[in-house]
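Contents: one structure, followed by commentary.
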Amino acid sequence: MQIRLTVLAPRSGHAVARACDVLVTAPAGTALAAVASGLASAASGAEVSGASVVLFAGRERLDAQRRVLGEPPLVDGAVLSLGAPAEDEPAHDGPAPARLHVVAGPDAGGVHLLHGGRIGIGRSTESDVPLDDPDVSRRHCEVTVGEDGRVSVADLNSTNGTRVDGREIGAQPVRFAPGALLRIGESALRLSAGGPEPEPSLTTVPDGEGHLRVTPASSPACAAGGEQPGPAPRLSPPTGETAYSFGSSPSALAPLEPGAHEGAYGAGIDALGAPSGYGHDGRDDHREPAHPSRRQGTPTRGTRLPEGPLTGPEDVEHARADAPDGGRRRGGIGAWARRLTGGRGEPVPERAPAEPQRAPAEPAPESWPDPAALLLTALGPGPRLWEREPGHPEALAVRVGTADRGELAAVPVTVGLREVGSLGLAGPRDRLAGLARSGIAQLAALHAPTTLEIVLISTDRARGLQARTAEWDWLGWLPQVRPAHGQDCRLLLAYDRDQATARTAELVRRLDAGPLGPGWASADRAAVTEAAARYEGPFTVVVVDGDPGSAPLRETTARLAAAGAAAGIHLLCLAEAPPASAASPVAATYETACAASLAFRECGAVALLSGDVATALRLLRTAGGRPAGHGTVAAVDAVSRAWAERFARALAPLRTGDGTAASTGRLASSLPRSSRLLDELGLARATPASLMARWESASDGAAVLGTGPHGPVGVDLASEGPHLLVEGPTGSGRTELLRAVAASLAAGARPDRLGLILVDGAGGERGEGLRPCTELPHVSTHLIASDPVRMREFAQALGAELKRRAEVLGGLGFAEWQTRREVAGRLVGQRQAPAAESRGDLDPPGSSTLRLRPVARSRTEEGPSLPRLVVLVDDLDALVAPALGSPGRPAAGSVVRALEAVAREGERLGVHLVASSARPDRTADTELARGARHRVVLDAPPASPSPDDPSPGRGRLHQPDGASVPFQGGRVTGRIPRTATQRPTVVVLEWERMGDPPARRPVRELGNGPTDLALLASALDRAASLVNAPPVPPLS
């Protein structure tokens, strides 16, 4: 297990606490005490004794003996403080009655909790809500939360004025209603109602490896509306916001009615400068009509908000996500999340009498969420986390700013990377970096690591290494930067020429294997556009910051920018240039950017920061290497580096599903020499917690076979086909593959929902067979085909089980019966009568009249249990055609007939058959061979083995649709790697070296240690006892 932590050394006077990023390597289940001294030494720079180390997570003091690495709060991306609590916690408790979101502008993303009193907003760092916006006055305006909870705002004689929903206000306070938009300078702030109720969030389950598995919003648990708070206290975002029409009359401040026309009120602005879905507007001859299936505009938001007062404590807490370390404003959101998740059982304070309120309608989500909503989505994690799959109409759409369109204020301006191929950003360094951070954060929040990977190339020699790593080190926390497609690095980062060469070579290989073939670099734009339209994902976004540094790298990145979209590769090219203004026209700024980055000229769209202070941008399409048309002018959306780091740390521990889904859709790569099954299951160190998390999300009949070109290869016996046949000669790895199937099935279902029946058809003559799998708690019966009496008893018992299931199911199939049973189990039963009432006893006299209760009905017995059964048969050919003199030969026919019945009727009865055969010619006439929808054919072992040959278990999986998938079978009886037994280590992270190939030592197995199968069986036993899941009884 490896997790990344940040340790803050104690403050010295007024100096900022020293932060040290470390990589902790330790076996699963290691106590914090084992690495406490290493953490303290890394943070302080001197040797520290472990006995004297005191560590805090926020304001919580951690018990070093009881806290376990990999479990919350000690997960990837966590921040610990040494010796004293972190000074980022607010001084106020209780929920805030209102929140102020900075939704747009050059310093967007802040979320400020308003408890009451006066809140100053301005450019000054002494302001309660400081904004890095040059068009904002030092003391610009003031928001007041009154005793009755009403919110008002007044201008403080600012230079550029203050507007609420488009109406200019003065020094006289005016009502600031929830959902209203406050415009100051180039920034937009929206007021949101608060309260004690927690907002919807996704379920997260720790896997014991430093990660939190996220259940998607479309899962049955979420769809049913059940609330399952995750183990880590986190905050979820609002589900939507309220759209308003803006005008000069008071009536224009009313919220839009539900069902308002989308064309009038809900459209964003696309990369062409036209409202989404509108197509050509006559101003630009180079514009293309809007794609009919993508970016059809922001859904209409017609929510009515209550007009009553907000109540709460009469003071204010400012939870600014991007305040510097040590500032009081840093910790409000984290503390608020902890209070929301931890205070559900606390009494809610009484509210002051409020005016009659209208029930709010359910708001529709914003198509392009603002930076504040992105932060809340990451902290939640919110329901919109990773919502955009490759087929989503808004996949890879990036919001770059906002613009006023008629009476609509702050309409998002977006650009779709799938339409333009690559996007160029140019302007002064500070604003340019903020815009890039905003765009990358959108992609990371809305696209899962299975859909998107992010690559950074920052090798511009005009800037020093320290400056480049300081600007981009936040990116290393994102899960999308982890290599998931066989790249030879620890993170997809490139800070020097060698790393950049390796990253671009990996991308070039993808394009060589893509739809355009090795000649992709010379393909015309029409062919690239056609191939990009057919590409279904996953995607790669490459951030090229400035000049790559060498002629080959410049040419390669330029070719990637021009043709990479054919294989889902899109570049985000950053070029430092003066802002477009009267002193530097658009054409001059564009040429300066092209001179700074050769790939910039190949971008299909560019966003040029403009204005004297670079708080605006001009978004243009390009044609023939030149800007086309006048484009769209908008106020830039930018976020600070501190905001980006907090956002990335919130995403750092999150992973999709049960671990195996994290590699779904993986890009093609060569097969490994060997494969470890537990790694493919996402259970590198199997623990009860990780197994229980997998049981909640995996299908009962899903089995992983090993590693394929795109990640784990497996079959789902429950949904894709009832049976599996494995064929391969002696030495091909048949038995080990069956063991892997048994282990995979056990890791995906509780012992009371799945039973395994093992049959060694060769009678133990070909090794120990399936005996190692008997340690799994799911195994109910193990037959060794060497005792005729035992074999006949087994055949009779298996036949009786099939008959019993047929009687219980009646005319139903197993899947339908199981669904009905689960639905019935969720119904609330009637109150059961006490024993005395059941006997007809007299009630105790509550009055002078005696009453006799009728005899209650006897309790209805629960229906019979029908767990799914999987029969695994090794050496089926030895049963079909037993050798002369074999001790099991007299009874082999009865066992084969029982297995044939399973092959015929098993799909309806919930019984599956998985068998291996060394002689396919002997089993060709069996029911299994004729009806198996999945078939595995393993390669023969080499005649002259060499160290470079793959391990046994390599073969192809033939699927029902005719597809054939190569894979390397996962090994499960290997000994645990020796590196897993080493003592825990703490190493200081060097972000500039994370793009290097990882240092690899030969992995040696422990000759006398437990096997992976034994470790898994032990963890399964403990997990089953924790969830009270008794095993399936043996056949009888």
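Mapped onto my numbering, the consecutive letters of the sequence shown carry residue numbers -15 to 1020.
Where a beta carbon is used, it is the ideal one built from N, C-alpha and C, also for glycine.
Taking 8 Å as the limit between beta carbons, can you name the residues of its chain near residue i, skipping five residues before and five after?
i	result
P818	Because the pLDDT at P818 is just 45, under 50, the model does not fix this residue reliably, and the value given afterwards should be weighed accordingly. Result list for P818: empty, nothing under 8 Å.
R955	S658, S659, R660, L661, E720, A724, S935, G937 and D996
Once you ignore the five residues that flank residue i on each side, which residues in its own chain have a CB closer than 7 Å to its CB?
i	result
G595	P563 and S565
A417	E455
A628	R421, A425 and W458
P981	D472 and C473
E911	E884, A887 and R888
P637	V59, D60, G61, G194, H195 and L196
S534	R481
P866	G872, R873 and A876
A1022	The chain is shown from -15 up to 1020; residue 1022 falls before or after that span and cannot be answered.
R122	G106, R107 and S108
Check the DSSP bridge columns for residue i and list the partner residues they point to.
i	result
L592	A410 and R602
R852	L738
F523	L436
G104	E126
S176	R83
V697	G690
H99	DSSP output for H99 lists no bridge partner at all.
R134	According to DSSP, R134 bridges with nothing at all.
R(-12)	L7
I768	D744
L558	L409 and D529
For residue i, collect the residues of the same chain with a Cβ closer than 6 Å to its Cβ; drop the 5 residues on either side in sequence, then sort them by chain order.
i	result
T540	T488
S878	R776 and A779
T9	Q(-14) and T969
V32	S21, A24 and S25
V87	A172, R174, D354 and A356
P221	The predicted position of P221 is uncertain, since its pLDDT is 32 and thus under 50; a value taken from the coordinates is nonetheless stated next. Excluding residues within five positions, the ones whose Cβ falls inside 6 Å are A357, L360, T361, G364 and G366.
E520	P374
S65	L(-8) and F40
E28	Residue identity differs from the one stated: residue 28 is Ser in this sequence, not Glu. Closer than 6 Å at the Cβ level, and outside the excluded window around S28, lie A(-7).
R402	L380
D933	P926
Please name the residue, chosen from the options, that lies closest to residue i on a Cα-to-Cα basis.
i	options	result
G470	L796, L655 and A882	L655
V617	P355, V395, A27 and L850	V395
V465	R610, A632 and A600	A632
N1012	P761, A899 and H918	P761
R625	A902, G423 and P735	G423
S36	A48, L537 and G666	A48
A580	E560, A551 and A379	E560
P925	E664, V972, R919 and G712	G712
Cβ atoms of residue j and residue i: under 7 Å apart, would you say?
i	j	result
L459	G979	no
Q952	T691	yes
I441	A486	no
R788	D684	no
A92	G178	no
T714	A902	yes
G89	D117	yes
D119	N144	yes
A511	L555	no
G54	A12	yes
L856	L1010	no
A600	A622	no
S1020	A781	yes
Using 6 Å as the cut-off, classify the Cβ of residue i as near or not near the heavy atoms of the ligand SAM, replying yes or no.
i	result
G521	In terms of ligand content, the structure shown is empty, and the ligand SAM therefore cannot be addressed.
The stretch 634 to 643 / the stretch 185 to 198 touching (three or more Cβ pairs under 8 Å) = Result yes; three or more Cβ-Cβ pairs closer than 8 Å.
Answer yes if the stretch 531 to 550 comes into contact with the stretch 510 to 522, meaning at least three C-beta pairs across the two stretches below 8 Å, and no otherwise.
-> Taking 8 Å as the limit for Cβ pairs, the verdict is that the stretch 531 to 550 does touch the stretch 510 to 522.
Quick one: any contact between the stretch 357 to 376 and the stretch 428 to 436, if contact means 3 or more CB pairs under 8 Å?
-> Output reads yes: the stretch 428 to 436 touches the stretch 357 to 376.
Examine the Cβ distances between the stretch 732 to 744 and the stretch 755 to 769 and report whether three or more of them are shorter than 8 Å.
-> Between the stretch 732 to 744 and the stretch 755 to 769 there are three or more C-beta pairs closer than 8 Å, enough to call the two in contact.
Quick check: the stretch 664 to 674 against the stretch 914 to 922, are there 3 or more CB pairs under 8 Å?
-> In this structure the stretch 664 to 674 does not touch the stretch 914 to 922; the number of beta carbon pairs closer than 8 Å is below three.
Answer yes if the stretch 129 to 139 comes into contact with the stretch 156 to 164, meaning at least three C-beta pairs across the two stretches below 8 Å, and no otherwise.
-> In the pairwise beta carbon analysis, the stretch 156 to 164 is classified as touching the stretch 129 to 139: at least three pairs are separated by under 8 Å.
Per the contact definition of three or more C-beta pairs closer than 8 Å, is the stretch 401 to 410 in contact with the stretch 590 to 607?
-> The way I'd put it, the stretch 590 to 607 does touch the stretch 401 to 410; three or more beta-carbon pairs between them come closer than 8 Å.
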